[in-house]
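Peer 1: Take a look at the following structure, please.
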Amino acid sequence: MMKVLVTGGAGYIGSTVASACLDDGVQPVLLDDLSTGRLDFTRDRLFYRGDIADGALIDRIFRDHPDIKVVVHCAAVIVVSESVDQPSRYYRVNVAKTLDLVEHLRRNGCCRWVFSSSASVYGSGAEQCVDERSPLNPDSPYARTKAMVEQILADCAPAYGLQVITLRYFNPIGADPAMRTGPYAPHPSHVLGKMIEAAREGTPFEVTGTDWPTRDGSGIRDYIHVWDLARAHVQALRRFDALFPETGHRYETVNVGTGRGTTVRELLAAFQRVLGRPLTVREAGRRAGDTAGSFTRSERSRALLGWEAQLTVEDGIRDSLIWAGLSDTREAIAGPVAWPMAGSGAAPS
Numbered sequence: 000m001m002k003v004l005v006t007g008g009a010g011y012i013g014s015t016v017a018s019a020c021l022d023d024g025v026q027p028v029l030l031d032d033l034s035t036g037r038l039d040f041t042r043d044r045l046f047y048r049g050d051i052a053d054g055a056l057i058d059r060i061f062r063d064h065p066d067i068k069v070v071v072h073c074a075a076v077i078v079v080s081e082s083v084d085q086p087s088r089y090y091r092v093n094v095a096k097t098l099d100l101v102e103h104l105r106r107n108g109c110c111r112w113v114f115s116s117s118a119s120v121y122g123s124g125a126e127q128c129v130d131e132r133s134p135l136n137p138d139s140p141y142a143r144t145k146a147m148v149e150q151i152l153a154d155c156a157p158a159y160g161l162q163v164i165t166l167r168y169f170n171p172i173g174a175d176p177a178m179r180t181g182p183y184a185p186h187p188s189h190v191l192g193k194m195i196e197a198a199r200e201g202t203p204f205e206v207t208g209t210d211w212p213t214r215d216g217s218g219i220r221d222y223i224h225v226w227d228l229a230r231a232h233v234q235a236l237r238r239f240d241a242l243f244p245e246t247g248h249r250y251e252t253v254n255v256g257t258g259r260g261t262t263v264r265e266l267l268a269a270f271q272r273v274l275g276r277p278l279t280v281r282e283a284g285r286r287a288g289d290t291a292g293s294f295t296r297s298e299r300s301r302a303l304l305g306w307e308a309q310l311t312v313e314d315g316i317r318d319s320l321i322w323a324g325l326s327d328t329r330e331a332i333a334g335p336v337a338w339p340m341a342g343s344g345a346a347p348s
């Protein structure tokens, strides 16, 4: 059985990646300091509590599990607006500690990386539909930390013989369809979390920014179901030998999204359809660090990973509502959804 170290494995993304690994016959070993992760997401899983920069702990993990040959690096702080207020913390946690992790993993013979990056590295610009060749323009400290780590890994690959697959996430929504893990921020900063908060508390939902250069003035994003995102990680793990058939360094970047752009107003309309009732809505100005947004072209993920998104925005909304306790059914608008296993390649029926 393949064994993989998942940093940030008690977080929203890392824990869902771990679930997808387990479902696909890959054994995850979780590392998380629980500064933002949840202990209950590690239940019945191999788990080490601690910091990715703790070399002694990394050495112990590899003594216990010498067959780990690849890391999925999800550990990071991720709130854009917070990064504007606390840039030094973001550079220290996301960049400096990743540099330490590179050294600790090299020392233990682990040279294969799947890095959790972000589509925020594209930033604001003329293009709303981007691909991996689009220019980078990170315009928040958070986004710049992701771009910096990408560059660090690209530079370290030839120097140290690393093999790296960087996945640039677009906008994850939803929960594990088996309801093992899901979003948990008590005061969410992402748009779907804000909609759920408004639905639960009866407060207005704010459309922040209504003058963006999009088809309806609200920001545009590529909302990807977190289970599809988790499956992309499993596919990346399975494709190392095919992508890197020879020894030596290689570095590949892959966008992970649906290939479809959805504006905030369109997401709100879908949310109200799935919820079955309207929200009170008001308009507000842009937040610090916000951008007009973007969505991806998907040719590279199909070609390199053999992966494409299978679940819809409505599926993501529905699973988020179930996770939040605001719905108890997975009945789709047009019928029931058959949930694919990670890496199966089967489309929902």
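FYI, the numbering for the sequence shown is 0 to 348, going by numbering that gives the first Met the number 0.
Using N, Cα and C, we set each Cβ at its ideal position, and we do this for glycine too.
The structure displayed is predicted, hence computed values, not measured ones.
Could you spell out the range, first to last residue, of the beta strand (DSSP E) harbouring P65?
Peer 2: First-last for P65: undefined, no H or E at that position.
Peer 1: Near T41, what residues of its chain come up, given a Cβ to Cβ distance below 6 Å and the 5 sequence neighbours on each side ignored?
Peer 2: So the list reads A9 and L29, once near-sequence residues are dropped.
Peer 1: Going by CA-CA distance only, name the one from G275, W322 and D53 that's closest to E102.
Peer 2: Among G275, W322 and D53, the Cα nearest to that of E102 is on D53.
Peer 1: Excluding the five sequence neighbours on either side, which residues of its own chain have a C-beta within less than 7 Å of the C-beta of K2, listed in chain order?
Peer 2: Hits under 7 Å: Q26, V28, H64, D66 and I67.
Peer 1: Between C128 and H186, what straight-line distance do the alpha-carbon atoms span, to the nearest angstrom?
Peer 2: Going by the C-alpha atoms only, they are around 30 Å apart.
Peer 1: Hey, could you find the ends of the alpha helix (DSSP H) A174 is sitting in?
Peer 2: Unbroken run through A174: none, as it is neither H nor E.
Peer 1: So, at 6 Å on beta carbons, what are the nonlocal neighbours of I164 in its own chain, with the 5 sequence-adjacent residues on each side left out?
Peer 2: If we look at I164 and ignore the five residues flanking it on each side, its Cβ neighbours are V113, A235 and E251.
Peer 1: Short check: CB of A75 to CB of T144, under 9 Å?
Peer 2: Contact: yes.
Peer 1: What would DSSP say about E251, mapped onto helix, strand or coil?
Peer 2: In this structure, E251 counts as strand in the three-state DSSP scheme.
Peer 1: Residues in the same chain with beta-carbon distance under 7 Å from Q361, minus the five sequence neighbours each way, listed in chain order, please.
Peer 2: Limits of the chain in this structure are 0 at one end and 348 at the other, which puts residue 361 out of reach.
Peer 1: Looking only at C-alpha atoms, which of N170, S116 and M178 sits nearest to V148?
Peer 2: Nearest option by C-alpha distance: S116.
Peer 1: From this set, A229, E200 and G13, which residue's C-alpha is nearest R37's C-alpha?
Peer 2: Taking only the C-alpha atoms, the option nearest R37 is G13.
Peer 1: Only counting runs of 4 or more residues, tell me where the alpha helix (DSSP H) segments fall wholly within the segment 41-100, in order along the chain.
Peer 2: Listed in chain order, the complete alpha helix (DSSP H) runs (minimum 4 residues) inside the segment 41-100 are 54-63, 79-84 and 86-89.
Peer 1: Can you tell me whether R132 is buried or exposed, with buried defined as 16 or more other CB within 10 angstroms of its CB?
Peer 2: By the neighbour-count rule (16 or more Cβ atoms within 10 Å), R132 is not buried but exposed.
Peer 1: Straight-line CA distance for I223 to T257?
Peer 2: About 6 Å.
Peer 1: Is the beta carbon of V255 less than 9 Å from the beta carbon of L320?
Peer 2: The answer is no: Cβ separation not under 9 Å.
Peer 1: Can you tell me where the alpha helix (DSSP H) with H232 in it begins and where it stops?
Peer 2: That run of the alpha helix (DSSP H) goes V225 to L242.
Peer 1: Closer than 8 Å by C-beta to P86: which residues in its own chain qualify, once you throw out the five before and the five after it? Chain order, please.
Peer 2: Excluding residues within five positions, the ones whose Cβ falls inside 8 Å are P140.
Peer 1: Kindly confirm or deny that the segment 305-320 and the segment 210-230 touch, where touching means at least three C-beta pairs closer than 8 Å.
Peer 2: Yes, the segment 305-320 is in contact with the segment 210-230.
Peer 1: Please tell me whether A287 and S80 are closer than 9 Å, where the distance is taken between their beta carbons.
Peer 2: Taking 9 Å as the Cβ cut-off, A287 and S80 qualify as a contacting pair.
Peer 1: How long is the line joining the alpha carbons of R238 and E282, rounded to whole angstroms?
Peer 2: Straight-line Cα distance between these residues: approximately 45 Å.
Peer 1: Between S80 and the ligand HEM, is there a pair consisting of the residue's CB and a ligand heavy atom that are separated by less than 8 Å?
Peer 2: This structure lacks the ligand HEM, and indeed carries no ligand of any kind.
Peer 1: If you run the structure through DSSP and keep just helix, strand and coil, what is L21?
Peer 2: In the structure shown, L21 sits in a helix (DSSP, three-state: H, G or I).
Peer 1: So, with DSSP's three-state summary, where would you put C155?
Peer 2: C155 falls in the helix class under three-state DSSP.
Peer 1: Between Y11 and the rest of its own chain, which residues show a CB-CB distance below 6 Å, the 5 nearest in sequence each way excluded?
Peer 2: If we look at Y11 and ignore the five residues flanking it on each side, its Cβ neighbours are P182.
Peer 1: Just the C-alpha distance for A269 and V263, rounded to the nearest angstrom, thanks.
Peer 2: When rounded, the distance between both Cα atoms is 10 Å.
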